[in-house]
Amino acid sequence: MQELSVIGLILHASLPVQLVMAGLVVLSLLSWGIIFNKLAVLRRARLATQSFEQQFWSGIDLNRLYEDTRQHHRSAGVEKLFQAGFAEFIKLRRQGGVDNSEQLDGARRAMRAAAQRELDALDHHNSFLATVGSVSPYIGLFGTVWGIMHAFIGLGNAGQATLATVAPGIAEALIATAIGLFAAIPAVVAYNRFAADVDRLAGRFDSFMEEFSNILQRLAAR
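With the UniProt record's numbering applied, the sequence shown closes on residue 222, and no number is skipped along the way.
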């Protein structure tokens, strides 16, 4: 009788079930790597946005603030929107012959493009987490069905069905489902958390673009 432990059951599982388990473990490891990376990226974006907004609304001169932000090699959050919008605004003002509305429209387009690039970067790999969360249980279920089928074929060939002979095959098959859930649950939780964080940052980006556009409109009218 084979050893009734998780490791023993995995080692004695049929090759297809072992391959399913190995694939799920790889998906789980990739998911956790993405989760830890995105936690750091989103945290940096939130802190950068909060820090820049405090500086922006402190009354600092916008030209000075722009020059200061250009020194940052890893700017993030609304800082990138400010850089893109103010740079386009200055460029259009210096060209001459561009009316105020065109200056403002150009700055808004630049900020929208910068916001979209920033949101795309923040949302990167979220689709992978969603895929792992939705597919992993079915992959695990496939391993379970295959394992149970293999166990019953073995019982049919043996000609004698007892609990001692049935239990190991059923248990090793169910481990595949357990691993599938282990891979899926963190991925789903992380996906929902990150999607909500990105949506909140998108809202802050929209608010900043509107407020900064009002400031640029006043500057253009001078």
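A virtual CB, placed ideally from N, CA and C, is assigned to each residue, including glycine.
Since the model is a prediction, treat every value here as computed from it, not as a measurement.
Pick helix, strand or coil for residue i, following the three-state DSSP scheme.
i, result
"W57", "coil"
"S14", "coil"
"H150", "helix"
"G97", "coil"
"R70", "coil"
"G77", "coil"
"D123", "coil"
"A202", "helix"
"E210", "helix"
"A221", "coil"
Give me the Cβ distance between residue i and residue j, rounded to the nearest whole Å; I'm assuming they're in contact under 8 angstroms.
i, j, result
"G147", "A183", "Wrong, their Cβ atoms sit about 17 angstroms apart, outside the cutoff."
"L122", "L39", "Actually they are not in contact, since the Cβ atoms of L122 and L39 sit about 12 angstroms apart, beyond 8 angstroms."
"S136", "L27", "6 angstroms"
"residue 230", "I179", "Limits of the chain in this structure are 1 at one end and 222 at the other, which puts residue 230 out of reach."
"L181", "G133", "That pair is no contact at about 10 angstroms."
"S58", "P186", "With 8 angstroms as the limit, S58 and P186 do not qualify as a contact, their Cβ atoms being about 40 angstroms apart."
"R44", "A76", "6 angstroms"
Quick one: using the 10 Å Cβ neighbour count with 16 as the cut-off for buried, is residue i buried or exposed?
i, result
"V189", "exposed"
"I60", "exposed"
"E172", "buried"
"I35", "buried"
"A110", "buried"
"V20", "buried"
"L29", "exposed"
"D197", "buried"
"L92", "buried"
"L201", "buried"
"D120", "exposed"
"G203", "exposed"
"E210", "exposed"
"G33", "exposed"
Could you tell me whether any Cβ in chain C is nearer than 8 angstroms to the Cβ of residue i?
i, result
"T69", "Absent here is chain C; the protein component of the structure consists of one chain."
contact_flag[the segment 53-73, the segment 97-117] where n(CB pairs < 8 angstroms) is 3 or more: Short answer: they don't touch.
So, does the segment 192-202 touch the segment 137-151, judging by three or more C-beta pairs under 8 angstroms? No: fewer than three Cβ pairs fall under 8 angstroms.
Answer yes if the segment 47-58 comes into contact with the segment 75-91, meaning at least three C-beta pairs across the two stretches below 8 angstroms, and no otherwise. Contact between the segment 75-91 and the segment 47-58 is present, with at least three C-beta pairs closer than 8 angstroms.
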